[in-house]
Amino acid sequence: MSSNKVSKSTITDELTQKVISLCQRRAILFPNSDIYGGAAGFFDYGPYGCELKKRIENSWWKTFVQSREDIVGIDGAIITSPRVWVASGHVAAFNDPLVDCLKCKSRHRADTLVEDELKISADGFSLDKLGALIKEHKIVCQKCGGELSVARKFNLMFNTHIGAVQDESSIAYLRPETAQLMFADFRIVQQAMRKKLPFGIAQIGKAFRNEIAPRNFVFRCREFSQMEIEFFIHPKLVNSCPLLTDEVKAKKVQMITAIEQEKGKDGLMETMTIGDALSKHVIKTQWHGYWLITCLEWLYSLGITPANLRLREHVKTELSHYSIETWDIEYKYPWGWKELQGIANRTDFDLTQHQKESGKDLTYFDEENKERVTPHVIEPSIGVDRVFFTVLLDAYRENASDKGSTSTLALHPELAPVQVAIFPLMKKDGLAEKGRAVFEMLRNEFVCEYDESGSIGKRYARQDEVGTPFCITVDYDSLEKGDVTIRERDSGNQKRVPISKLKEVIECAFGEYCALHGGK
Ligand code: GAP
Numbered sequence: 359m360s361s362n363k364v365s366k367s368t369i370t371d372e373l374t375q376k377v378i379s380l381c382q383r384r385a386i387l388f389p390n391s392d393i394y395g396g397a398a399g400f401f402d403y404g405p406y407g408c409e410l411k412k413r414i415e416n417s418w419w420k421t422f423v424q425s426r427e428d429i430v431g432i433d434g435a436i437i438t439s440p441r442v443w444v445a446s447g448h449v450a451a452f453n454d455p456l457v458d459c460l461k462c463k464s465r466h467r468a469d470t471l472v473e474d475e476l477k478i479s480a481d482g483f484s485l486d487k488l489g490a491l492i493k494e495h496k497i498v499c500q501k502c503g504g505e506l507s508v509a510r511k512f513n514l515m516f517n518t519h520i521g522a523v524q525d526e527s528s529i530a531y532l533r534p535e536t537a538q539l540m541f542a543d544f545r546i547v548q549q550a551m552r553k554k555l556p557f558g559i560a561q562i563g564k565a566f567r568n569e570i571a572p573r574n575f576v577f578r579c580r581e582f583s584q585m586e587i588e589f590f591i592h593p594k595l596v597n598s599c600p601l602l603t604d605e606v607k608a609k610k611v612q613m614i615t616a617i618e619q620e621k622g623k624d625g626l627m628e629t630m631t632i633g634d635a636l637s638k639h640v641i642k643t644q645w646h647g648y649w650l651i652t653c654l655e656w657l658y659s660l661g662i663t664p665a666n667l668r669l670r671e672h673v674k675t676e677l678s679h680y681s682i683e684t685w686d687i688e689y690k691y692p693w694g695w696k697e698l699q700g701i702a703n704r705t706d707f708d709l710t711q712h713q714k715e716s717g718k719d720l721t722y723f724d725e726e727n728k729e730r731v732t733p734h735v736i737e738p739s740i741g742v743d744r745v746f747f748t749v750l751l752d753a754y755r756e757n758a759s760d761k762g763s764t765s766t767l768a769l770h771p772e773l774a775p776v777q778v779a780i781f782p783l784m785k786k787d788g789l790a791e792k793g794r795a796v797f798e799m800l801r802n803e804f805v806c807e808y809d810e811s812g813s814i815g816k817r818y819a820r821q822d823e824v825g826t827p828f829c830i831t832v833d834y835d836s837l838e839k840g841d842v843t844i845r846e847r848d849s850g851n852q853k854r855v856p857i858s859k860l861k862e863v864i865e866c867a868f869g870e871y872c873a874l875h876g877g878k
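Per the working numbering, the sequence shown starts with residue 359, numbered consecutively.
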């Protein structure tokens, strides 16, 4: 079995190494089954990690499902009829380029190998182009220096068998995306929920990809969770979005178009309003424009620095088999601008394919025009684990002092795994009891942690590391005057607050944070 340690050779920058080491030290997120040497590309979330992960999922669900009347949620199975994946094109086309080392037999993903060696972006390069670059630049095996084979396709789906007989007829796949069930279940959900176009079906769930080269921690792993929406639109109204108000159109974004990238190097990034991008036909349809800005705004609401996010259009050779136009929301990672979210125009590709493969009618009856139509789809798709890692990288701060350096996660208070920590100054003289009483009072309102061990400085440092926005210290004055010290994580400011006012003061501070950094 391959080693599960996060390979230092793929992590070249200091920030990423520090965040990974924090994740492991505090058991936030760490390699799976490490005591057995691990399984590369699989990770476990510890107590703080699973709390933060759930908060990201809950924020997404609240924003895109619970707060909207035009999107409903489902929770589908991981293993489905394999015909789903024949219809979707994944059996034939869900491939990455692979090269084998002719000497040590190790396998490499050809495009990332070319990116690593030549320091260029190889997104969308054909097998021929990758093979030619490997030959021209005499690129060899990263492990042993051996000669590499010609590049070929490798299907990323994990397969298994349904039932006791293991032959060709029982093959099934672990889903490589959550998306297909929203298409396969389109009719039953639309009819049962009496939804009229335009409307969406959303899902959060696990996806599995047998990545050739899992790397950069959970940025590219083999088991991950996705949050996806398939937004169904009347085929004649993809360019008519009533939610695209003047206010939305005026929002500015950093973007880089396919044309700019095709001109050479990595292309020029420009700042444009969504309205201009649509009128100049940079973004082709209104609903696509609406979803691009709506998804960006959700990422801002998590506290991610807007300047570190941009839109990048896929060049033609990079488009997935189902898409006529895809934009990625990219984040400026320490290893370069890379995809955080993909937002594709899948047209009627999937519903048409499932109609052909199943023989079932998946059309929609347009009552106004008395005709049956196959809806078109805009698909915002994002990985939970990738958002998680991005949030940590964006929030990581280092504080140097004479005593050495400590770290802080400047997390949005709504995402922080612990929102309020309560410390008694000492365990004796009734302070512990008073501290516990404050803890009991606040724990139904916020996620709280009670900690009575070590110096106050050490306790602050422990909470800063996991991003706790507020720490409360109960001291001798608290026994006499009924007030406590509350310390704010990012500024380090401390003030005295009556215990009876704590809930109000913390709620108000949450509100101020949202007003400053984007609400949730
Ligand atoms: N249904 C469309 C779809 O799956 P994708 O671009 O392949 O599109 C969507 O994946 C998102 O899922 C990505 O933007 C990324 O956030 C996440 N993702 C994809 N592969 C991943 C992997 N191997 N590890 C972690 N996250 C991944």
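Don't be surprised by glycine CBs; every beta carbon is placed ideally from N, CA and C.
Exercise. Answer yes or no: do Gln549 and Gly434 have a C-beta to C-beta separation smaller than 8 Å?
Key: Going by C-beta atoms, Gln549 is not nearer than 8 Å to Gly434.
Quiz item: Looking at C-beta atoms only, is the number of pairs between the stretch 586-602 and the stretch 459-471 that lie closer than 8 Å three or more?
Solution: Taking 8 Å as the limit for Cβ pairs, the verdict is that the stretch 459-471 does not touch the stretch 586-602.
Exercise. Grab the span of the beta strand (DSSP E) containing Trp693 for me, first residue to last.
Key: No beta strand (DSSP E) contains Trp693, which DSSP labels as neither H nor E.
Quiz item: Quick one: does the C-beta of Leu698 sit closer than 7 Å to a heavy atom of the ligand GAP?
Solution: At least one heavy atom of the ligand GAP sits closer than 7 Å to the Cβ of Leu698.
Quiz item: Can you tell me the Cα-Cα spacing of Val824 and Tyr406, whole angstroms?
Solution: Distance between the alpha carbons of Val824 and Tyr406 is about 8 Å.
Self-check item: Whole-angstrom distance between Asn666 and Glu713, CA atom to CA atom
Solution: The amino acid occupying residue 713 in the given sequence is Gln; Glu does not appear at that position. As the crow flies, the alpha-carbon of Gln713 is around 41 Å from that of Asn666.
Exercise. Report the residue from Ser759, Ile844 and Thr826 whose alpha carbon sits nearest the alpha carbon of Val832.
Key: Comparing alpha-carbon positions, the option among Ser759, Ile844 and Thr826 lying closest to Val832 turns out to be Ile844.
Quiz prompt | Residues near Ile662 in its chain [Cβ-Cβ closer than 7 Å; skip 5 each side] | solution = Around Ile662: Thr748, Val749 and Asp752.
Exercise. Report the partner residues of Asn757 according to the DSSP bridge assignment.
Key: In the DSSP assignment, Asn757 forms a beta bridge with Thr764.
Quiz item: Out of Leu539, Val430, Ile414 and Ser739, which has the shortest C-alpha to C-alpha gap to Arg441?
Solution: With distances taken between Cα atoms, Arg441 lies closest to Leu539.
Quiz item: Less than 7 Å between the CB of Asp743 and some heavy atom of the ligand GAP, yes or no?
Solution: The answer is yes for Asp743.
Practice problem: State yes or no: is the C-beta of Leu654 within less than 8 Å of the C-beta of Val611? | Solution: Note that the C-beta distance between Leu654 and Val611 is below 8 Å.
Quiz prompt | 8 Å Cβ shell around Glu688 - same chain, five flanking residues per side excluded | solution = Here Glu688 has Leu667, Arg668, Leu669, Arg670, Trp695, Lys696, Glu697 and Leu698 as same chain residues with Cβ atoms under 8 Å from its own Cβ, once five neighbours each way along the sequence are excluded.
Quiz item: Which two residues bound the contiguous alpha helix (DSSP H) that contains Pro669?
Solution: The sequence given here has Leu at residue 669, not Pro. That residue, Leu669, is in no alpha helix (DSSP H); its beta strand (DSSP E) goes Leu667 to Glu671.
Self-check item: Cys459 versus Lys501, Ile641 and Leu837, residue with shortest Cα-Cα distance
Solution: Closest by alpha carbon: Lys501.
Quiz prompt | Rounded separation between Val576 and Pro771 - CA only | solution = In this structure, the straight-line span from the alpha carbon of Val576 to that of Pro771 is close to 23 Å.
Quiz item: Nearest to Glu505 by CA position, among Thr721, Pro572, Asn453 and Lys493, is which residue?
Solution: Nearest option by C-alpha distance: Lys493.
Quiz item: If you run the structure through DSSP and keep just helix, strand and coil, what is Glu628?
Solution: Strand at Glu628.
Practice problem: Grab the span of the alpha helix (DSSP H) containing Leu654 for me, first residue to last. | Solution: That run of the alpha helix (DSSP H) goes Gln644 to Ser659.
Exercise. Compute the minimum distance between the beta carbon of Thr748 and the heavy atoms of the ligand PLP, and state whether it is under 7 Å.
Key: Because the ligand PLP does not appear in the structure shown, any question about it cannot be addressed here, the ligands present being the ligand GAP.
Quiz item: How do the stretch 775-787 and the stretch 415-430 stand: do at least 3 beta-carbon pairs fall below 8 Å, yes or no?
Solution: Not touching, per the Cβ criterion.
Quiz item: For the ligand GAP, is there a heavy atom less than 7 Å away from the beta-carbon of Ala790?
Solution: Taking 7 Å as the cut-off, one finds no heavy atom of the ligand GAP near enough to the beta carbon of Ala790.
Quiz item: Under three-state DSSP, which class holds Lys621?
Solution: Lys621: coil per DSSP, three-state reduction.
Quiz prompt | Counterpart residues of Leu387 in DSSP-defined beta bridges | solution = Looking at the DSSP assignment, Leu387 forms a beta bridge with Tyr403.
Quiz item: Helix, strand or coil for Val515 per DSSP?
Solution: Note on identity: in this sequence residue 515 is Met, with Val being the wrong assignment. Here Met515 sits in coil by DSSP.
Quiz item: Can you list, in chain order, the residues of its chain whose CB lies under 7 Å from that of Ser367, leaving out five sequence neighbours each side?
Solution: With a pLDDT of only 41 at Ser367, under the threshold of 50, the placement of this residue in the model should not be trusted; the figure read from the coordinates follows. Cβ neighbours of Ser367 beyond the five flanking positions: none.
Practice problem: Apply the 10 Å Cβ neighbour rule to Asn597 and answer buried if 16 or more other Cβ atoms are within range, or exposed otherwise. | Solution: By the 16-neighbour rule on beta-carbons within 10 angstroms, Asn597 is exposed.
Self-check item: Residue span of the beta strand (DSSP E) that contains His466, given as start and end
Solution: Its beta strand (DSSP E) spans residues Arg465 to Arg467.
Quiz item: How big is the Cα-Cα spacing for Glu535 and Ile740?
Solution: So the alpha carbons of these two residues sit roughly 10 Å apart.
Self-check item: Asp841 in three-state terms, based on DSSP
Solution: If DSSP states are grouped into helix, strand and coil, Asp841 belongs with the strands.
Quiz item: CA-CA distance, Lys816 and Phe781?
Solution: So the alpha carbons of these two residues sit roughly 11 Å apart.
Quiz item: Do Ile740 and the ligand GAP come close, with the Cβ less than 7 Å from some heavy atom?
Solution: Ile740: yes, Cβ under 7 Å from the ligand GAP.
Quiz prompt | Which of helix, strand or coil DSSP assigns to Phe723 | solution = The three-state reading of DSSP puts Phe723 in strand, counting E and B together.
Self-check item: For Glu605 and Gln375, the rounded distance between their alpha carbons
Solution: If you take the alpha carbons of Gln375 and Glu605, they lie about 41 Å apart.
Practice problem: Take Thr721 and list the residues in its own chain whose beta-carbon comes closer than 7 Å to its own, dropping the five residues that flank it on each side. | Solution: Correct list, in chain order: Arg730, Val731 and Thr732.
Quiz prompt | Identity of the residue in Phe401, Gln852, Leu650 and Gly625 nearest Cys381 by Cα | solution = Checked all of Phe401, Gln852, Leu650 and Gly625; the closest Cα to Cys381 is Phe401.
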